[in-house]
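Numbering (the UniProt record's numbering), first residue to last: 1 to 216. Even for Gly, the Cβ is constructed at its ideal location relative to N, Cα and C. All values derive from a computational prediction rather than experimental measurement. Only one structure is covered here, and it is reproduced in the block below.
This is the structure in structure tokens:
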């Protein structure tokens, strides 16, 4: 790593209780036994990576993952509110993702999604999530730490990595086409600095797709 580079590892939390129940989640709900094991192996993977700080969502499943991993990493854990998962309608929390009310909401959201900032209930919209991702991207770029581990959530991480690539030019259509899938404790490596592109030198983010090799 050159002296002017910044390395950020973006990881999804371990398996949560709500994951296994198949219900709409909010900030509550911890890890399953498997989720704690995944967090253990995530920490072991980064034990010698020189992580200087761990940033985490305050959502219970992500924070628990960060605390478990920190035992190996040896870096302090700091919560960042903007890393929380995309908020779903509050009246649907705890309801099965296959329930008719949930499916009806998803259909309405799909129909309105391209508008960018249309709310069906009290959920987060594309514009709200993109705004959060822009804030986090700037926060990460301006941190004094050169090597950081970030623990967050599947949907928000999809917004974040696409924001690292597209910045203010991210659109609902790009998110719809996004193919990124985050397994529990899956990791994406993001490096900020100078690099060479097909058209010449540039400064910005480069991404390496996620993997879960630490679980194998």
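DSSP assignment within the region 68-144 yields the following whole alpha helix (DSSP H) runs of 4 residues or more, N-terminal first: 100-112, 126-142. Closest in alpha carbon position to residue 17, among 202, 30, 175, 155, is 30. Assignment of beta-bridge partners to residue 12 by DSSP yields 152. Beta-carbon to beta-carbon, residue 192 and residue 21 are separated by about 38 Å, too far to satisfy the 8 Å threshold. Residue range 33-45 is occupied by the alpha helix (DSSP H) that includes residue 38. The alpha-carbon separation between residue 79 and residue 93 amounts to approximately 23 Å. Assignment of residue 51 by DSSP, reduced to helix, strand and coil, places it in the coil class. Under the three-state reduction of DSSP, residue 22 is assigned to coil, being neither helix nor strand.
Membership of residue 146 in any alpha helix (DSSP H) is not indicated, and neither H nor E is assigned to it by DSSP.
For residue 90 and residue 54, the gap between their C-alpha atoms comes out near 29 Å. Rounded to whole angstroms, the gap between the alpha carbons of residue 88 and residue 96 is 13 Å. Only residues of its own chain outside the window of five on either side were considered, and among them 175, 178, 180, 182 have a CB closer than 8 Å to the CB of residue 158, listed in chain order. The region 106-122 makes no contact with the region 43-63; the number of CB pairs closer than 8 Å stays below 3. Per DSSP, residue 183 is not a residue of any alpha helix (DSSP H), being assigned neither H nor E. In the displayed model, residue 170 falls within coil according to three-state DSSP, outside both helix and strand. Residues 130, 162, 163 of the same chain have their beta carbon placed closer than 7 Å to that of residue 170, with the five preceding and five following residues left out of the count.
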